[in-house]
């Protein structure tokens, strides 16, 4: 259990390498994002443990999706940007008009004021090898970005065409 200052990928890799050196029995990596997950995967590769230690991430980056296709990362969390943008713009328009937002689906407690803040709560999607194609179909990444030479066969094998 270790946080990474400033979410710095290089520092995350160093921290993970120190953790792995002191304890070869690491059972999994719950990374805050795909970049930190990739930093851990780089260390695991160096120690010939990639694909043996489950690694997760978030943000559905090209690199994270490629790591999933390669079997080095189990999953990433994907939040559809268009849905987030649509929800944010609807809220902003309501507020700009002086109206009470009607698109809120729940509330979040503000940690400073303790007040419940109306919020649009969207469901994130767990992306695994079985549904990487959904992120491409959504237009978040393109096939050209994802399916570079090293990953072309993996893309085809996983229904990304």
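Residue numbers (our numbering): 1 to 161. Note that the Cβ used here is the ideal one computed from N, Cα and C, for glycine as well. Since the structure is predicted, the reported quantities are computational estimates derived from the model, not experimental observations.
Have a look at the DSSP bridge pairing and note the partners of residue i.
i: residue 136; result: DSSP lists no partner for residue 136.
i: residue 58; result: 77
i: residue 29; result: 55
Around the C-beta of residue i, are 16 or more other C-beta atoms found within 10 angstroms, so that it is buried, or is it exposed?
i: residue 65; result: buried
i: residue 30; result: exposed
i: residue 95; result: exposed
i: residue 12; result: buried
i: residue 2; result: exposed
i: residue 18; result: exposed
i: residue 157; result: exposed
i: residue 150; result: exposed
i: residue 122; result: exposed
i: residue 72; result: buried
Once you ignore the five residues that flank residue i on each side, which residues in its own chain have a CB closer than 7 Å to its CB?
i: residue 153; result: none
i: residue 135; result: 60, 65, 78, 127, 141
i: residue 104; result: 118, 119, 120
i: residue 51; result: 71, 72
Between residue i and the rest of its own chain, which residues show a CB-CB distance below 8 Å, the 5 nearest in sequence each way excluded?
i: residue 9; result: 35, 36, 38, 39
i: residue 7; result: 32, 33, 35, 36
i: residue 75; result: 56, 57, 68, 126, 127, 128
i: residue 43; result: 13, 16, 17, 20
i: residue 109; result: 115, 116, 117
i: residue 22; result: none
i: residue 160; result: 132, 133, 136, 143, 146, 147
i: residue 63; result: 34, 35, 38
i: residue 107; result: 116, 117, 118, 119
i: residue 4; result: 11, 12, 15, 32, 36
Whole runs of the beta strand (DSSP E) within the segment 71 to 158, excluding any shorter than 3 residues
Within the segment 71 to 158, the complete beta strand (DSSP E) segments of 3 residues or longer fall at 75 to 78, 106 to 109, 116 to 119, 125 to 127, listed in chain order.
Any 3 or more C-beta pairs closer than 8 Å across the segment 31 to 50 and the segment 81 to 97
Segments in contact, no.
Give a yes or no on contact between the segment 67 to 87 and the segment 128 to 140, applying the rule of three or more CB pairs nearer than 8 Å.
Yes, the segment 67 to 87 touches the segment 128 to 140.
May I ask you to verify whether the segment 21 to 35 touches the segment 52 to 68, counting CB pairs closer than 8 Å and requiring at least 3?
Contact check between the segment 21 to 35 and the segment 52 to 68: three or more CB pairs, one atom from each, fall below 8 Å, which counts as touching.
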